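The block underneath contains the structure these notes are about, expressed in structure tokens.
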Amino acid sequence: MKQRSDSRFISFVAQFKQNRAALAGATIVLLLVFVTLFAPQLSPHDPIKACLDERLTAPCMEYPFGTDQLGRCIFSRVLYGSRVSLSVGLIVVGIAATIGVVLGIISGYCGGVPDEIIMRLVDAMLAFPSLFLALAIAGILGAGFINVILAITVVEWTRYARVMRGSILSVKENYYVEAAKSLGASDFYIVTRHIVPNAITPIIVVATLGIATVILAAASLGFLGFGVQPPTPEWGMMLNDGRLFMRRAPWLMIFPGLAIMITILAFNLLGDGLRDAWDPRLRERRRER
Amino acid sequence: MSLLSITQLKVHFPTQDGIVKAVNTIDLEIANNERLGLIGETGCGKTVLGMSIIRLLPPSTTIEGEIRYKGNDLLKLTEKEIRKIRGKEIAMILQNPTTSLNPVLKVGDQIAEAIKLHQGLDRRAAKAKAVEMLEAVKIPDATKRANEYPHQFSGGMKERAMIAMGLACDPAMIIADEPTKGLDVTVKKQIVKLMKEVTTQKTMLFITHDLGVAAEICDNITVMYAGELMEYANTEAIFKNPMHPYTQGFLNSLPSMGLKAIKGMSPSLIDLPSGCRFHPRCDFADAKCRTEHPELIEVEKSHYARCFQYA
Numbered sequence: 236m237k238q239r240s241d242s243r244f245i246s247f248v249a250q251f252k253q254n255r256a257a258l259a260g261a262t263i264v265l266l267l268v269f270v271t272l273f274a275p276q277l278s279p280h281d282p283i284k285a286c287l288d289e290r291l292t293a294p295c296m297e298y299p300f301g302t303d304q305l306g307r308c309i310f311s312r313v314l315y316g317s318r319v320s321l322s323v324g325l326i327v328v329g330i331a332a333t334i335g336v337v338l339g340i341i342s343g344y345c346g347g348v349p350d351e352i353i354m355r356l357v358d359a360m361l362a363f364p365s366l367f368l369a370l371a372i373a374g375i376l377g378a379g380f381i382n383v384i385l386a387i388t389v390v391e392w393t394r395y396a397r398v399m400r401g402s403i404l405s406v407k408e409n410y411y412v413e414a415a416k417s418l419g420a421s422d423f424y425i426v427t428r429h430i431v432p433n434a435i436t437p438i439i440v441v442a443t444l445g446i447a448t449v450i451l452a453a454a455s456l457g458f459l460g461f462g463v464q465p466p467t468p469e470w471g472m473m474l475n476d477g478r479l480f481m482r483r484a485p486w487l488m489i490f491p492g493l494a495i496m497i498t499i500l501a502f503n504l505l506g507d508g509l510r511d512a513w514d515p516r517l518r519e520r521r522r523e524r
Numbered sequence: 106m107s108l109l110s111i112t113q114l115k116v117h118f119p120t121q122d123g124i125v126k127a128v129n130t131i132d133l134e135i136a137n138n139e140r141l142g143l144i145g146e147t148g149c150g151k152t153v154l155g156m157s158i159i160r161l162l163p164p165s166t167t168i169e170g171e172i173r174y175k176g177n178d179l180l181k182l183t184e185k186e187i188r189k190i191r192g193k194e195i196a197m198i199l200q201n202p203t204t205s206l207n208p209v210l211k212v213g214d215q216i217a218e219a220i221k222l223h224q225g226l227d228r229r230a231a232k233a234k235a236v237e238m239l240e241a242v243k244i245p246d247a248t249k250r251a252n253e254y255p256h257q258f259s260g261g262m263k264e265r266a267m268i269a270m271g272l273a274c275d276p277a278m279i280i281a282d283e284p285t286k287g288l289d290v291t292v293k294k295q296i297v298k299l300m301k302e303v304t305t306q307k308t309m310l311f312i313t314h315d316l317g318v319a320a321e322i323c324d325n326i327t328v329m330y331a332g333e334l335m336e337y338a339n340t341e342a343i344f345k346n347p348m349h350p351y352t353q354g355f356l357n358s359l360p361s362m363g364l365k366a367i368k369g370m371s372p373s374l375i376d377l378p379s380g381c382r383f384h385p386r387c388d389f390a391d392a393k394c395r396t397e398h399p400e401l402i403e404v405e406k407s408h409y410a411r412c413f414q415y416a
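If you're matching them up, the sequences are chains Z and E in order. Note that my numbering gives residue 391 to position 156 of the first sequence, counting from 1, and the numbers run on in steps of one. Note that my numbering gives residue 241 to position 136 of the second sequence, counting from 1, and the numbers run on in steps of one.
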């Protein structure tokens with residue numbers, strides 16, 4: 236019986252397991268988390284200690300990814316850089332999803348005037364190219380970890396609000412909502428107990444894909460000089476530093492670039508896999524096409 | 106004295122195509138411990154009438170008239186007051202058992218919800234009561250079943266669970282909206298039997314388009330057409346001596362009576378026919394029926410009909 240009662244979860248896991256790309260994504264994400272947590276133990280060198288004698292060393296046994304113009308170990312810097320990227324990604328998505336979900340619930344459940352106000356605000360936010368808006372905000376606030384988070388959160392919450400609203404609109408038409416109402420449940424109770432648990436799944440997918448977007452945005456801000464300030468290692472900033480030495484020492488750009496690419500790819504694969512596992516019909520449809 | 110009395114009730118919805126006049130000037134009394142069947146075709150306004158009693162209609166609806174329950178006008182209560190009526194005093198058993206249960210909540214927890222809400226019991230006591238309710242609606246192995254999710258229940262069991270939910274707080278009155286819809290014949294029979302048993306000491310408004318089911322359960326029957334009551338009588342009289350041509354047509358359309366369909370289509374509630382609402386489909390209609398609107402009159406003792414034949 237236990238098996239039967241968990242059948243939804245089991246079919247979800249079964250679906251997910253079949254999807255090799257998603258499994259690869261999940262593995263890389265786990266690996267990233269591991270690297271982030273144990274960066275100090277895994278790094279062969281201090282990421283910010285300059286060693287001018289060894290600058291622009293090509294990858295070798297001592298320095299697997301080579302060194303940069305100040306002789307810092309790029310391997311260690313890439314490992315430490317995952318801390319900034321991953322924490323920005325998680326924090327921004329956490330805050331943006333919370334704001335977006337709450338506003339989406341209000342918008343979708345209440346309808347009418349609150350819905351108009353929130354959705355017009357979302358439309359207004361979406362009218363800006365998101366990176367430029369983040370750039371403008373970061374420019375006004377100045378560079379730094381907190382400001383990067385603020386700048387990206389301001390543009391990111393809208394997608395969660397939209398998805399949540401749509402999800403709520405479809406869930407609230409269900410008869411069990413009416414049934415709960417007919418038994419005397421209050422709006423708050425209906426939303427928290429009946430609607431949100433049935434409407435939250437798409438948010439998990441959007442959030443997973445959202446982490447990738449946020450990491451890319453954070454790296455872009457870093458590249459443009461609005462991110463975390465030196466000497467803290469950050470992938471986007473490393474790319475920018477390496478630009479000057481691109482011909483002489485391409486490893487300065489190759490490895491942080493690869494790190495960004497692999498991270499984003501991993502989150503995108505994971506997000507797609509989650510979506511397909513939750514909605515097998517979608518995958519069937521795509522296969523037919 | 107009647108438990109629920111509806112006077113001059115009108116329920117209209119504004120839509121893009123015009124105003125839907127779903128309930129048009131209905132007067133109806135339901136006595137204590139009476140089981141009244143509300144019968145009509147799909148789209149005649151019977152569900153709307155049921156939902157308007159506990160005010161489950163969207164806020165844009167205009168409702169006129171009075172719905173008095175134990176003397177209080179339900180239409181004048183605040184949102185908070187009506188919530189205390191819902192489930193505790195008047196419970197509704199909705200149609201579509203498959204979609205009326207929340208798929209992510211255990212059935213027992215869903216039933217326990219209403220109990221916690223109205224009787225102030227704690228989680229465990231409420232859950233125990235929920236199991237009791239599942240036993241009352243004859244679900245075997247209720248303790249185990251209470252911890253299962255709706256998708257593990259069959260259609261008939263879901264309907265039983267819905268009934269258990271409706272009865273959980275021991276309401277004085279039940280509005281059952283087509284509880285037998287979509288169930289196969291054998292299951293329907295069981296549900297009808299159950300409904301009859303559990304409502305012996307209760308007042309019930311039983312909404313259905315299934316005359317056979319209504320005949321089994323109800324003491325009195327009223328026939329609704331295009332938002333109006335066409336006939337009202339006790340169950341026996343409706344079947345033995347149907348007065349209104351619509352009721353006669355409805356009875357003749359039963360399989361056991363030869364499946365003779367009433368000609369024409371049920372009218373749009375936006376653009377109601379003039380005069381008698383039924384005249385475009387009526388075999389006996391004359392000039393008067395087309396222009397004048399008949400009243401519901403008592404033709405025999407406690408047998409009312411809305412037709413000029415009896416005027």
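Think of the CB as a built atom: it goes at the ideal place given N, C-alpha and C, for glycine as much as any other residue. Please read all numbers here as calculations on a predicted model, not as lab measurements.
Item                                                                                                                       : Value
Option nearest Z:THR443 by Cα separation, candidates Z:SER421, Z:MET481, Z:ALA285, Z:ARG394                                : Z:ARG394
CB contact check: E:LYS193 to chain Z, cutoff 9 Å                                                                          : yes
Interface residues of the segment 389-421 of chain Z facing chain E [CB-CB below 8 Å]                                      : ASN409, TYR410, TYR411, GLU413, ALA414, ALA415, LYS416, SER417, LEU418, GLY419, ALA420, SER421
Continuous alpha helix (DSSP H) stretch holding Z:THR448: start and end                                                    : 436-458
Cβ of E:ARG188 within 9 Å of any chain Z Cβ                                                                                : yes
Minimum Cβ-Cβ distance from Z:PRO432 to chain E less than 9 Å                                                              : yes
Outcome for E:SER379 when other beta-carbon atoms lying within 10 angstroms are tallied against a minimum of 16            : exposed
Contiguous beta strand (DSSP E) assignments of at least 3 residues, all confined to the segment 317-346 of chain E         : 325-330, 333-339
Endpoints, beta strand (DSSP E) assigned at E:LEU109                                                                       : 107-120
Under the three-state DSSP convention, the category E:ARG229 falls into                                                    : helix
Proximal residues, the segment 301-333 of chain E versus chain Z, C-beta separation under 8 Å                              : none
Listed by chain order, chain A residues near E:VAL209 by CB distance under 7 Å                                             : This model lacks chain A altogether; the protein chains it does include are Z and E.
Contacts of E:ASN201 in chain Z (Cβ-Cβ under 7 Å)                                                                          : TYR410
Those runs of the alpha helix (DSSP H) which lie wholly inside the segment 278-357 of chain Z and span at least 4 residues : 309-345
Closer than 7 Å at the beta carbon, the chain E residues around Z:HIS429                                                   : ASN207
Assigned secondary structure, Z:PHE502 (DSSP; H/G/I helix, E/B strand, else coil)                                          : helix
Touch test, the segment 460-474 of chain Z against the segment 304-322 of chain Z, Cβ-Cβ under 8 Å, three pairs minimum    : yes
Beta-carbon gap between E:LEU108 and E:ILE172 smaller than 9 Å                                                             : no
Residue from E:GLY317, E:MET329, E:ALA366, E:ASP376 whose Cα sits closest to the Cα of E:THR120                            : E:ASP376
Option nearest E:GLU184 by Cα separation, candidates E:GLU169, E:ARG160, E:ILE168                                          : E:ARG160
Cβ-based neighbour list, E:ARG229, same chain, cut-off 8 Å, excluding 5 preceding and 5 following                          : none
As assigned by DSSP and simplified to three states, the class of E:LYS221                                                  : helix
Range of the contiguous alpha helix (DSSP H) that encloses Z:GLY374                                                        : 365-376
Beta-ladder partner(s) of E:MET197, from DSSP                                                                              : E:ILE280
First through last residue of the beta strand (DSSP E) which encompasses Z:ARG255                                          : Note, Z:ARG255: premise wrong, no beta strand (DSSP E); alpha helix (DSSP H) at 255-272.
C-alpha gap between Z:LEU356 and Z:HIS429, whole angstroms                                                                 : 27 Å
Cα-Cα separation between Z:LYS237 and Z:ALA420, rounded to whole angstroms                                                 : Bear in mind that the predicted position of Z:LYS237 carries a pLDDT of just 42, short of 50, making it unreliable; the figure below should be weighed with that in mind. Each residue's alpha carbon lies about 30 Å from the other.
Endpoints, the alpha helix (DSSP H) within which Z:ASP476 is located                                                       : 470-477
E:PHE413 (DSSP reduced to helix, strand or coil)                                                                           : helix
Beta bridge counterpart(s) of E:SER237 as assigned by DSSP                                                                 : Residue identity differs from the one stated: residue 237 of chain E is Glu in this sequence, not Ser. According to DSSP, E:GLU237 bridges with nothing at all.
Through-space distance from E:ALA266 to Z:TRP513, alpha-carbon basis                                                       : 28 Å
Contact between the segment 438-452 of chain Z and the segment 289-306 of chain E (3+ Cβ pairs under 8 Å)                  : no
Z:VAL426 classed as buried or exposed, judged by whether at least 16 other C-beta atoms fall within 10 angstroms           : buried
Close-in-space but distant-in-sequence residues of the same chain around Z:SER240 (CB under 8 Å, 5 per side omitted)       : Confidence in Z:SER240 is poor, its pLDDT being 46 and thus under 50, which makes the residue's placement too unreliable to answer from.
Under 9 Å from the C-beta of E:ILE270: neighbouring residues of chain Z                                                    : Checking the sequence shown, residue 270 of chain E turns out to be Met, not Ile. In chain order: ALA414, LEU418.
Interface flag, Z:TYR344 vs chain E, CB-CB below 9 Å                                                                       : no
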